[in-house]
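Chemist:
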Amino acid sequence: MRALSYEGQRVLVLAPHADDETIGCGGVIQKYIRHGSPVRVLIASVVVSESQKYFKDMSQYKTYSGIHRLAEMRRAFEILGITDFHFMYLDDAPPIRHHSRLDTVPRVEMVTMVEDHIHDFSPTVLFIPSRTKHQDHEVMHNVALTSARPYFWQGSIFIYETDGEMEFQPNLIVPLTADEVSIKADALDAFGTQLGPERHPLNPQTIVTRARYRGQLIYADYAEAFQVLRLHG
7 MRALSYEGQR VLVLAPHADD ETIGCGGVIQ KYIRHGSPVR VLIASVVVSE SQKYFKDMSQ
67 YKTYSGIHRL AEMRRAFEIL GITDFHFMYL DDAPPIRHHS RLDTVPRVEM VTMVEDHIHD
127 FSPTVLFIPS RTKHQDHEVM HNVALTSARP YFWQGSIFIY ETDGEMEFQP NLIVPLTADE
187 VSIKADALDA FGTQLGPERH PLNPQTIVTR ARYRGQLIYA DYAEAFQVLR LHG
């Protein structure tokens, strides 16, 4: 008996930034889509204007185009089969007000936006990011907990891993096929402005290595790991 049913579901994935959904659950997303279950991705913040990213190997920040990153996201989603995606905040001109600054946004404002998508999409399953060293991840995690309170919404909740987990303890391991891992790696590779070298967490080879490690937990070739927060039977 498998722990997850991929047929007849409606899946809402909450992502702090464009690429977190690919890193954490790009494999299971493929499974749901292949079985005909609608998947919606809600991304908290995207910078449409210019933005910066720190590159350790060069010990410096580099500027990249937000429009370029949006194009990368669309390509990654095309690879994964995602057609339904939305943004909570778009920073389209300096100063940047939301990206990497979600801890300055009133939580009730973000909770209301997530609640609206729950009303509109009627999900049966919710995937949320784990708490990490990044403040946006922690904020999105906490917003999800409030939005998915059981007297508001009663579906299943799974926490996915991205990068920099502080308290992620997986208790659900989902096996992936070699094709699913390859597609997931290709999707991540589309985010060219965000990629680092092989030892960096945002690298296609790192994704494959992690999938192999998670697979060993259930004696499978590859897998993704999740933490079950609530399972609606």
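Counting with this note's numbering, you get residues 7 to 239 for the letters of the sequence shown. Cβ coordinates follow ideal geometry from the N, Cα and C atoms, glycine included.
Which value, in whole angstroms, describes the spacing of the CA atoms of Asp98 and Ala226?
Modeler: Here the question's residue 98 lines up with position 92 in the sequence shown. Here the question's residue 226 lines up with position 220 in the sequence shown. When rounded, the distance between both Cα atoms is 44 angstroms.
Chemist: So for Asp25, helix, strand or coil by DSSP?
Modeler: As a working note, residue 25 is residue 19 in the sequence shown. In this structure, Asp25 counts as coil in the three-state DSSP scheme.
Chemist: Looking at the secondary structure, which residues open and close the alpha helix (DSSP H) in which Arg220 lies?
Modeler: Translated into positions along the sequence shown, residue 220 becomes position 214. Its alpha helix (DSSP H) spans residues Pro210 to Gln222.
Chemist: Measure the CB-CB distance between Pro135 and His123 and report whether it falls below 8 angstroms.
Modeler: In the sequence shown, residue 135 corresponds to position 129, counting from 1. In the sequence shown, residue 123 corresponds to position 117, counting from 1. Taking 8 angstroms as the Cβ cut-off, Pro135 and His123 do not qualify as a contacting pair.
Chemist: Between the region 75-86 and the region 19-37, are three or more C-beta pairs nearer than 8 angstroms?
Modeler: Touching, yes.
Chemist: Is it right to say Val234 is buried, meaning 16 or more other beta carbons lie within 10 angstroms of its own, or is it exposed?
Modeler: The sequence position of residue 234 within the sequence shown is 228, counting from 1. Per the 10 Å Cβ criterion, exposed.
Chemist: I need the straight-line Cα distance from Ile88 to Pro101, nearest angstrom please.
Modeler: Residue mapping note: residue 88 aligns to position 82 of the sequence shown, counting from 1. Residue mapping note: residue 101 aligns to position 95 of the sequence shown, counting from 1. Distance between the alpha carbons of Ile88 and Pro101: 30 angstroms.
Chemist: On a CA-only basis, which of Trp159, Gln160, Gly161 and Pro176 is nearest Glu167? Give me that one, please.
Modeler: Looking up residue 167 in the sequence shown gives position 161. Of the listed residues, the one whose Cα sits closest to Glu167 is Pro176.
Chemist: Please specify which runs of the alpha helix (DSSP H), each continuous and at least 4 residues long, are wholly inside the region 93-158, giving them in chain order.
Modeler: Here the runs fully enclosed are 113-127 and 141-153.
Chemist: Quick one: any contact between the region 10-21 and the region 209-223, if contact means 3 or more CB pairs under 8 angstroms?
Modeler: Output reads no: the region 209-223 does not touch the region 10-21.
Chemist: In whole angstroms, what is the alpha-carbon distance linking Asp109 and Gly42?
Modeler: Taking the sequence shown and counting its residues from 1, the one referred to as residue 109 is at position 103. Taking the sequence shown and counting its residues from 1, the one referred to as residue 42 is at position 36. Answer to the nearest angstrom: the Cα atoms are 36 angstroms apart.
Chemist: For Phe50 and Met94, which I take to be in contact (beta-carbon distance under 8 angstroms), what is that distance rounded to the nearest angstrom?
Modeler: Reading the sequence shown from its first residue, position 44 is the one you call residue 50. Reading the sequence shown from its first residue, position 88 is the one you call residue 94. Reading off the sequence shown, one finds Ala at residue 50, where the question assumed Phe. About 5 angstroms; that satisfies the 8 angstroms criterion.
Chemist: Mind checking who Leu18 pairs with in its DSSP beta bridge?
Modeler: For this step, residue 18 is matched to residue 12 along the sequence shown. Beta-bridge pairing links Leu18 to Arg46 and Leu132.
Chemist: For the beta strand (DSSP E) holding Leu194, just list the boundary residues, first then last.
Modeler: Here residue 194 refers to the residue found at position 188 of the sequence shown. Premise fails: Leu194 lies in the alpha helix (DSSP H), Ala184 to Asp195, not in any beta strand (DSSP E).
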